[in-house]
Every structure is written in C-alpha cells, then in structure tokens.
Amino acid sequence: MPDDINGFIALVAFITVLTIFGTIGRLCILRRRPRTLAVNISDAAFVLFTVLMVATAGIAYDVVLQELRIRRDFGDQAIPHMLFTEGYLKEFFAITLFCTTQVWLLKAAFLGYYWSLRETLTDRIKFLLYAVSAYCLVTYIGVLSFQFAYCHPISTNWSTGSDRCLATLTVPGMILQQWTNITSDIMVLIVPLFTISTLNLGRKDLYALSVVFCIGALSIAASVVRFTQVYYVVMHADNSIEAIRRTLVWAVIEKLFAFTAFCLPCLRVFYRKRHSGSGCLPAEKKTLFSTSSHSNSCRSGGGSGRSC
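Number 542 in my numbering belongs to position 291 of the sequence shown; there are no gaps in the numbering.
Okay, here's the thing in structure tokens:
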C-alpha cells in the first residue's frame, strides 16, 4: 500500500513539474508569433490548464497526507471511517471539477490553434472545425452542469451521512462524462487528419506528425482505460480510496499524453530558430508546424526569432 501511495505522489509530482516547465518553455519559444484572438484563447486555455494542474496536485497531496496520517496513527481499518470526512469529500468534489475542466481546456487549446489557421483551411474543414468546437463547448457545459445539479442539494456531495451523493460515481455521471470526453477527443484529433490530407508533406514531416498523433491516440486510450476503472468503481459500489485513486492515476496519464501532444510541435519552431537562417516554413507546411495565424506570409528577419 505505501508503494502505491508513493507511486501516486511521484506521478502527480512528475506531471506537475513537466506541465509548469512545458508551459513556460512553449510560451517562450512562441513569444514572437503574431497575436490573434484565436492564439490568445489557445494560450489562455493552456495557461489555465497549468494553473488547475498545480491546484489539483496540491489538493491531491493534502488528501494523501491525511491518508498517511490516519494509517500511521490508527491503521488501515480506520481509513473508511476517518478519511471520508466533510473536508475530504469537498476536496474530492473540487478535484472532479478541476479534472473535468482541465481535459476540456486542453481541447480548447488545440481548437484555438486550429482556429488561428482557419484562413488556410478548405470550407469543408472549416465546417468540421466549427462543428467540433460547438460540440466541445456544449459537452463541457453539459458535464459541468450535471456535476453541480445531479445531487440535490449540492451539499450531499460532501455529506458524511446516508444521503451522500457523488455525481461522478453514478451510472449517468460515468456515462455522460466519459463518453463525451472520449468522443470529443476523437473529434479534436480528426480535424488535423483532414487537414493533412490536403498538404504535400515530406517524409520527415509525416514522421513527426505520426509521432504527435500517436501520442494523441495514447491520450484517448488512457481515457478508455479510465472509463473501465470508473465503470468498476460504479458497478461494484467500490468507493475505497484505492479504487478512486486508480481512476485519478489514469486521469493524470491521459492529461500527460494530451499535454505532450500539444507541446511537441513547438519544438520544430525552436529547432528552426536555432538552425535556420530564414525562419520561414514552406507555405504548405506552416499550417501544421508553425503557430503563425498568417500562413501565407513570413515576418522579416533572420534567425533572431522573428520567424513565421
């Protein structure tokens, strides 16, 4: 059991540190790109994801400290009776809200980037982008509204009595949240796949894109595994701290892959700034590898960072 707790702490600490440094690094690399509303929305969603990631990690660490304290002073048998206090359940409720918002913020960051490139897209792909954006917005509002409204009054989410109601650990909550999350992930991944089909990319670019898409696919796979974990908890009424922690582990892994997929393309910009004198990408390739919203024009200058 201690090994499981230590592994959970290590995983959360790793993704938190990676998120902080990855966010700072990405913003620094792309600091000179043209600013548009879509780019600003994408960056704001990305930064807010990082803020919520740090907040979630802090809450999770506090919960683990409470668990370790109870185990040390009273033994494992005391966990079900002493850990599930009103304060703990409030923290769990906050974590569920933060986790929901985090995964949809990453979708918003991806979509904001695609919106910044919409001038280069065909009408069919634009329509697909609009439809996916609307779907993600509606599903986020729906899932969040469900989490707030399903248990009435809302205080039953942290009740210590027989009226306790955890919205995310009910059959409707499980189906709504997991299904909308997985389907919206797939739809967000489909948009660039249609875009690639219209481009004439070189072999290296195709390899690079394949890596990014594989990592994105791993995020969806982690979502599916998390669904199976939540399904087990709900269908077997297993509200033990160990079972709940397993669902959180896969939620962290899902966000790790999605975060990595979002950050990887900016490394190409960093590489070209370091090794290219012109800083401009071919017009047909910039739509995926450059973060400029003006894909048909390059900013003047050399390798000093004033690139496309």
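From the three backbone atoms N, C-alpha and C, an ideal C-beta is built for every residue, glycine too. What you are looking at is a predicted structure, and each value in this text was computed from that prediction instead of being measured.
Burial state of residue i, where buried means 16 or more other Cβ atoms lie within 10 Å
i	result
cysteine 465	exposed
phenylalanine 265	exposed
glutamate 337	exposed
glycine 530	Bear in mind that the predicted position of glycine 530 carries a pLDDT of just 40, short of 50, making it too unreliable to give a figure here.
lysine 455	exposed
arginine 284	buried
isoleucine 275	exposed
glutamine 353	buried
isoleucine 280	buried
aspartate 327	exposed
serine 396	exposed
isoleucine 376	buried
arginine 282	exposed
leucine 457	exposed
asparagine 291	exposed
alanine 261	exposed
phenylalanine 300	buried
tryptophan 378	The residue asked about is misnamed: residue 378 is phenylalanine in this sequence, not tryptophan. When all chains shown are included, phenylalanine 378 counts as exposed.
Alpha helix (DSSP H) segment containing residue i, residue limits
i	result
phenylalanine 508	492-514
threonine 434	422-447
isoleucine 466	454-486
Proximity of residue i and residue j at Cβ, strictly below 8 Å
i	j	result
tryptophan 427	valine 485	First, the amino acid is wrong: residue 427 is leucine here, not tryptophan. Not a contact, by the Cβ cut-off of 8 Å.
glutamine 398	leucine 348	yes
alanine 306	valine 263	no
alanine 296	alanine 345	no
tryptophan 355	tyrosine 391	yes
alanine 502	cysteine 350	yes
threonine 434	glycine 393	no
serine 293	tyrosine 364	yes
isoleucine 492	glutamate 342	no
isoleucine 437	alanine 473	no
threonine 287	serine 384	no
alanine 418	glycine 424	yes
valine 439	phenylalanine 510	no
isoleucine 271	valine 315	no
valine 442	phenylalanine 259	no
phenylalanine 513	leucine 357	yes
leucine 372	threonine 446	yes
Distance cut-off 7 Å: residue i Cβ against heavy atoms of the ligand MN
i	result
phenylalanine 397	Within the structure as shown, the ligand MN is missing, as the structure has no ligands at all.
Runs of alpha helix (DSSP H) wholly within the region 314-380 (minimum 4 residues, chain order): Taking only runs of at least 4 residues, the alpha helix (DSSP H) segments lying wholly in the region 314-380 are 330-333, 337-367.
Alpha helix (DSSP H) runs contained entirely in the region 379-405, provided each spans 4 or more residues: Assignment of alpha helix (DSSP H) within the region 379-405, counting only whole runs of 4 or more residues, yields no such run.
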